[in-house]
Every structure is written in structure tokens, then in C-alpha cells.
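Student: Pasting a structure here, questions to come.
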Amino acid sequence: MEKQTKNKNLKNRAAQFWKTGLLLLLTAIILTVPLPAQKRMIQIKGSDTLVNLVQVLAEEYMAKNPGAAIAVLGGGSGTGITALINGTCDLADHSREWKQKELDLAYEKGVKPRIFAIAIDALSIVVNEKNPIDILTMAQVGSIFRGEIKNWKVLGGADQKISLYGRQSNSGTYAFLQEHVLNNKNYSPEVKEMNGNAQIIEAVTQDLSGIGYVGVGYLYDENGNVRRGIKVLKIKKDENAPAFSPLDKEAVYSAKYAISRPLYQSTNGKPSGLAADFIRFELSPEGQAIVEKEGFFKIGQELMEQNLKNLK
Amino acid sequence: MHSIKKKGFGRDLKESFIKNVFKISGLLTILTLLGIFALLLYTAVPAFREIDLKEFFTSTRWDPTSPEKPEYGLLSMLVSSLLVTAGALLLAFPVGLAVAAYLSDVAKPKTREIFKPIIELLAAIPSVVIGFIGITLIGPLIARVFKMSHGLTALNGSLLLAIMALPTIISISEDALRAVPQSYAEASLAVGANHWQTLIRVKIPAAKSGIIAAFMLGMGRAIGETMTVLMATGNARSFPHGFLQSVRTLTANIAIELGEVPYFTTHYYALFALGLVLFVLTFIINLTADLIMEKQKRKLQ
């Protein structure tokens, strides 16, 4: 009799044990596999030109939407696009368009990129502030970075070897300049390849004969003034065209400044949840005001319409 | 009787268990090494479906993303790696040996006890920090001394790598010098040689193999270092003609390009081929160092 009760007791306890275990397991599964729509954490990766701007946008967004978490990483446009293809980020920042090779690879892996233009950048050519040169043509910039013009004297400057600073091949800015200014020719092997825009600014500030290229947002310090130690060159489309500076807002908006480009963000397929909401914020008048405050330029009518279509 | 036997059996079990754990750990290390080598080889070989082997080893141009024609020549980077490493050793070896001799022969035991941990602490500084010092301090200094517009040169990399190789060189040569039997020095002093002569003519030659091993291990440390050179040498792709030029080393190139390269393309495989070259290089260096050290041990016994 006693034995039976004991057995029953044991059985009960075992059943209890399994029930609790099952319950715990279920809770664990529910906790670790949140529904996609409720995703409150996204990861953004890519362009170094965009990283500061997107960071500010993300901070502003997170301040307004407590509970949302957005992590922003740099690394270069190529790095961001590769990460999106490999599924290791939710949004890729890039300052150049997708290459055909990357698109092929993406479709092969079932990634269907949707591309949003979130700001306009005026690619800026910077030299040391003591450099007497103020204006270059597009062709001259191309020749300098291809290594054909090697001395500042040729351009009317001091008799000094030109010291070239650029980005690494994972940079969208590197690819953009190569395509649009170097006319798809090789960079000079003498270009010192730096880790990011900020490092180029730093190097040109110290190097009297240095020249480099950076996104327009990097020309300003935290107070919104143009950084000391550098000179932002005015660029002429060709020999006979007037020269314009990337600091001149009107010239960039009217496309008179020759080297401007959209800066993009890509998602895998139609964005949803936090990612979609964040893109909407970036494109809103409020987001675009931040874009302008950070030194970049707002998106025009046409691109904006394209963006809104991509959000649907 | 019975209980003793039982205890002995338990101990045997425990002992053989521990023995096996050690054996497996040892085997695991070897397996890892073989695994890395196999993986490198496996991923590097497809590169040569499209790259000419001769071009790979003899061309000085490396530009895989070129819109004109992708080029895969490692010579500039290989020479840059060797140049920066040679510079580092030229600087670090004499200093390292002098410090080792000081610690083993001149310094009082108390001084040595203070110095040695400090030197070993030098090895604990993260390479990013050393690279940062290169950008902000040593680079501009080189620019000023050599009247150049910038200091992001091979020399900058060499100076920083010298700092990083010093702890290895010092501690291994010091061990080698201290392993020289006291009787050698006593004999030398007994025949009338002074302290300096004993050190230079007796102790250093006796510790020669250990000192060479220290040199080789320092070299291995320097040639594989990535972050510091990536930050400090400017990364220009041109063939190096001297220490006052910007250079790009093998390691820096892999670090720069591996993050962005589309997987399973020729460029991707080519980067692994660079890794394989680097692996073989450091493997030979470390193996030589090991063999030399082994020789020294046997000789002194």
C-alpha cells in the first residue's frame, strides 16, 4: 500500500517535472525567436562616407522611439553590400551603385536588393590650406590621381611632388571617383590608401603637398565650420566652365558642381518593421533636415518619388 | 589489500585519463595547424585557374578591381613585407641583444626583476595602439627629420615593428645567455679575461643558436603583424625603392581587401593565395628558429 503511494508520488513528480520542463523550453523558444515584424534591433553596415550621418539619424530616431535599437557600422560600401548579400546586416550603406557582379551574386543567393537614395553628397577634393591652387578641372583631378601629373608646378603651384591620398578599394568613393573622374582608368600605384575619410583629412592637414578626396560631410567640424588646415578646391567641369565649390549649396542643388552623387541604403526585399520605419524617418522632412545639418544635401523630387515607390 | 588495489586502480584510471586529455590537446593543436594549411591550400589553388603562376610571383602590379585589366602580382607587397621586417630587425636586434646582455650579465638581480616584467608588458600593448602612435607621433617626426611632406613610410612601419619585436628578442636571448653554464664564464675570467671580453668572446658565441632563434622569432612576429603596418605605412601599391616610401605589405593587403571581396571569385581565391605565401614564409621562419634552439639545447648538454 505504502509502496503504491510512493510510486504514484514518483509518477506525479515525474509528470510535474516534464510539464515544467516543457513550459520552460517553450518560453525559451518564444523568447529567442521573435516574430520578424516585432524586430526591434537592426544592424546597418557599409559606407564610411555615410557612417557619421546615419549614426546621427539613428540616434535621433532612437531618442524618439524608445526600445528601438539601431547599430551603425562603417567598413566601406563594398563591405556593406557584401554583408547584405551574406545576410549579416539589415541595411547596407553605399556611396556607389551596385556592381553587376554583386547584383548577380545577390540574386543567386536569393537576395533582392531594394535601393533608397537617402542623401546627396558632393565629392570634395581637398588640399593643404597652404597650397596656392584654388581651382582644378575634372580632367586635371583625373590626371593627378592616375599619376600623370606628378608635380604641383605643372598646375601652377610650388615645385613639389604631389602626395596622393585616397581610399581603399572597398570604398564606394574610390569606385565612384575611378568611374566618373578617372574615366575608368587605374589609380596611380603611388596613392596612399587610408582607412577612411577622416584619416584623409588628417593626412592632408599635415601634408603640404597632399591632395585627397572625401565626402562633403567630412569637411565640417562639430560646430559646422569648415575644418582648419584644409582647402576645399573649386572644380570646373571643363576648361571653359565656371568653377564651383562643394560648399556652395546652390551650386550642388542645381548640379553645377560637377562631382555630386546620391548616397544609398539597400535592404533585402521590401523593408518591414523597424527598417522600413527608419527609412521613412530618414526620408521625412525631419530626417532630411538632419542630412543638411550634417553637411550633405537633400534628396530631389525625382529620387524621392522613386524611394517612396520602393517602400511600397 | 583489497582496498589498496582499488585505490591503485582508481589512480591508474585518473592518470590515464589525464594523459589522454593532454595527448588530445596536443593532437588538436597539430590538427588545427594542418587544418589551416589544408584550408588555405584548398581555397588558394582555384586562383590559378585564371591567374598565371608566373605573373603572380613576378609581377609588381596588384589591382584586382581595376576597370582596365585586373592584375594579380604579389612582388611589390612581398618585397614591402620583407623590407619593413628587415628594417624592424635592423633596429630591434642590436638594441634587444644589448638589453638581454645587460639583464643577464650586468644588472643586479633586483634591477632585473623590475625590468623584465616591464619589457614583457611591452608585448601586451595592442597593435592598434602602436599603429595610432605611428600616425600621430612617429610619422610626423619622420616627416620633419627627413624633410618630407608626410611620414607614412616603410621606415615608420619598421620603427613600430621594432618596438613590437623587442620583447620577443630580449626575453629569448636573455634566456639563451643565462643558459650558458657558469663554468664557461668562470674559465674565461680565470685566464684573465675581463667581464666585457667574457661576454663578447665567450658567452655570446656560446649562446649563438639561442640568439639566432630570438632573431628569427622576432622576424616571425614582425612579418605577420597587420594592424600596425596597415595604419602606419600608407598602403601605396607601388614597388618599394627605399625606406622613405609608402608601402603596402601582404598582411595589410589581405586585411584591406578581404572585407569587401565577393566570395568565391578569382580575387577572393587570390587573397587566400597571398595568405598561403605568408603562412609558408612564417612557417619556415619559425621552424628554423625551433631547429636552431633545439641544437643549442643539445650542444650545451
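Listed in order, the protein sequences are those of chains A and B. Our numbering numbers the first residue of the first sequence as 1 and each following residue consecutively. Our numbering numbers the first residue of the second sequence as 1 and each following residue consecutively. Note that beta-carbon positions come from the ideal geometry of N, C-alpha and C, so glycine has one too.
1. CB-CB under 7 Å to B:I130, same chain, minus the five flanking residues each way: which ones, in chain order?
2. Whole angstroms is fine: what's the gap from B:P126's alpha carbon to B:T226's?
3. Could you tell me whether the stretch 195-204 of chain B touches the stretch 234-242 of chain B, using the rule of 3 or more Cβ pairs below 8 Å?
4. Would you list the residues sitting across from A:R114 in a DSSP beta bridge?
5. For B:L312, go through chain A and note every residue whose CB falls closer than 8 Å to its CB, in chain order.
6. So A:S163 contacts chain B; which residues on that side make the cut at Cβ distance below 8 Å?
7. For A:I44, count neighbouring Cβ atoms within 10 angstroms of its own Cβ and tell me buried if that reaches 16, exposed if not.
8. Any Cβ of chain B within less than 8 Å of the Cβ of A:K45?
9. Taking the C-alpha atoms as reference points, what is the distance between B:D63 and B:N253?
10. Hey, does B:R237 have any beta-carbon neighbour from chain A nearer than 8 Å?
11. Could you work out which residue in B:A86, B:M231 and B:A236 is closest to B:V128 when comparing CA atoms only?
12. Taking the C-alpha atoms as reference points, what is the distance between A:T205 and B:P140?
13. Since B:G259 meets chain E, which of its residues come closer than 8 Å, beta carbon to beta carbon?
14. At 9 Å on the CB atoms, spell out the chain B contacts of A:S284, in chain order.
15. By the criterion of Cβ-Cβ separation under 8 Å, what are the contact partners of A:N184 in chain B?
16. Suppose contacts are defined by Cβ-Cβ distances below 8 Å. Is B:A154 in contact with B:V84 by that definition?
17. Could you tell me whether any Cβ in chain B is nearer than 8 Å to the Cβ of A:G217?
18. May I ask which residues mark the beginning and end of the beta strand (DSSP E) holding B:Q182?
19. Could you check whether the Cβ of A:E102 sits closer than 8 Å to any Cβ belonging to chain B?
20. Select from the stretch 131-143 of chain A all residues with a C-beta closer than 9 Å to any C-beta belonging to chain B, and list them in chain order.
21. Residue ranges of each beta strand (DSSP E) run of no fewer than 3 residues wholly in the stretch 124-156 of chain A, ordered along the chain?
22. Whose C-alpha, out of A:I115, A:V56 and A:Y107, is nearest the C-alpha of A:K270?
23. May I ask you to verify whether the stretch 140-152 of chain B touches the stretch 75-83 of chain B, counting CB pairs closer than 8 Å and requiring at least 3?
24. DSSP on A:A255, reduced to helix/strand/coil?
25. Who are the neighbours of B:G234 on chain A, taking C-beta pairs under 7 Å?
26. Looking only at its own chain, which residues have a Cβ that is under 8 Å from the Cβ of A:K362, when we skip the five neighbours before and after it?
27. Looking at A:I135 and A:K109, is the spacing between their C-beta atoms short of 8 Å?
28. Would you say B:I256 faces chain A, with C-beta separation under 8 Å as the test?
29. To the nearest angstrom, how far is it from the Cα of A:G143 to the Cα of A:L155?
30. How do the stretch 282-296 of chain A and the stretch 49-58 of chain A stand: do at least 3 beta-carbon pairs fall below 8 Å, yes or no?
31. Please go through the stretch 175-247 of chain B and give each complete alpha helix (DSSP H) segment of 4 or more residues, from N-terminal end onward.
Tutor: Working from what's here:
1. Locating residue 130 of chain B in the second sequence gives position 130, where the first residue counts as 1. Closer than 7 Å at the Cβ level, and outside the excluded window around B:I130, lie L160, I163, M164 and T228.
2. Against the second sequence, residue 126 of chain B aligns to sequence position 126. Against the second sequence, residue 226 of chain B aligns to sequence position 226. The alpha-carbon atoms of B:P126 and B:T226 are separated by roughly 11 Å.
3. no
4. Residue 114 of chain A sits at position 114 when you count from the first residue of the first sequence. Partner(s): A:T267.
5. Nothing about residue 312 of chain B can be read from this structure; chain B reaches only from 1 to 301.
6. As a working note, residue 163 of chain A is residue 163 in the first sequence. Ordered by position in chain B, the residues that pass the 8 Å Cβ test against A:S163 are S149 and H150.
7. As a working mapping, residue 44 of chain A is identified with position 44 in the first sequence. By the 10 Å Cβ count, A:I44 comes out buried.
8. The residue given as residue 45 of chain A occupies position 45 in the first sequence. With 8 Å as the cut-off, A:K45 does not count as an interface residue toward chain B.
9. Here the question's residue 63 of chain B lines up with position 63 in the second sequence. Here the question's residue 253 of chain B lines up with position 253 in the second sequence. Each residue's Cα considered, the two are about 11 Å apart.
10. Your numbering for residue 237 of chain B matches position 237 in the second sequence. Output row for B:R237: interface = yes.
11. Your numbering for residue 128 of chain B matches position 128 in the second sequence. The candidate whose alpha carbon is nearest that of B:V128 is B:M231.
12. For the purposes of this step, residue 205 of chain A is identified with residue 205 of the first sequence, where counting begins at 1. For the purposes of this step, residue 140 of chain B is identified with residue 140 of the second sequence, where counting begins at 1. Between A:T205 and B:P140, the C-alpha separation is close to 11 Å.
13. Of the protein chains in the structure, A and B, none is chain E.
14. Taking the first sequence and counting its residues from 1, the one referred to as residue 284 of chain A is at position 284. Ordered by position in chain B, no residue passes the 9 Å Cβ test against A:S284, which lies about 31 Å from the chain.
15. On the first sequence, residue 184 of chain A is found 184 positions in, with the first residue counted as 1. Chain B residues near A:N184: P67 and E68.
16. To locate residue 154 of chain B, count along the second sequence from 1; it is residue 154. To locate residue 84 of chain B, count along the second sequence from 1; it is residue 84. Against a cut-off of 8 Å, the Cβ pair of B:V84 and B:A154 comes out as a contact.
17. Mapped onto the first sequence, residue 217 of chain A falls at position 217. Not closer than 8 Å to any Cβ of chain B, the Cβ of A:G217 fails to qualify, so no.
18. For this step, residue 182 of chain B is matched to residue 182 along the second sequence. Per DSSP, B:Q182 belongs to no beta strand (DSSP E); it is in the alpha helix (DSSP H), Q182 to A190.
19. Here residue 102 of chain A refers to the residue found at position 102 of the first sequence. It does: the Cβ of A:E102 has a partner Cβ on chain B nearer than 8 Å.
20. none
21. 124-128 and 135-137
22. Position 270 of the first sequence, counting from 1, holds the residue named residue 270 of chain A. The shortest C-alpha separation from A:K270 is found at A:I115.
23. no
24. Numbered from its first residue, the first sequence carries residue 255 of chain A at position 255. Correct three-state label for A:A255: coil.
25. Looking up residue 234 of chain B in the second sequence gives position 234. Correct list: K192.
26. Residue 362 of chain A lies beyond the range of chain A shown here (1 to 312); nothing can be said about it.
27. The residue you call residue 109 of chain A lines up with position 109 of the first sequence. The residue you call residue 135 of chain A lines up with position 135 of the first sequence. No. Outside cutoff.
28. As a first step, residue 256 of chain B must be located in the second sequence, where it is residue number 256. Chain A contact via Cβ: present.
29. Position 143 of the first sequence, counted from the start, is the residue given in the question as residue 143 of chain A. Position 155 of the first sequence, counted from the start, is the residue given in the question as residue 155 of chain A. For the sequence presented, residue 143 of chain A should be read as Ser rather than Gly. Each residue's Cα considered, the two are about 11 Å apart.
30. yes
31. 182-190, 208-224 and 227-232
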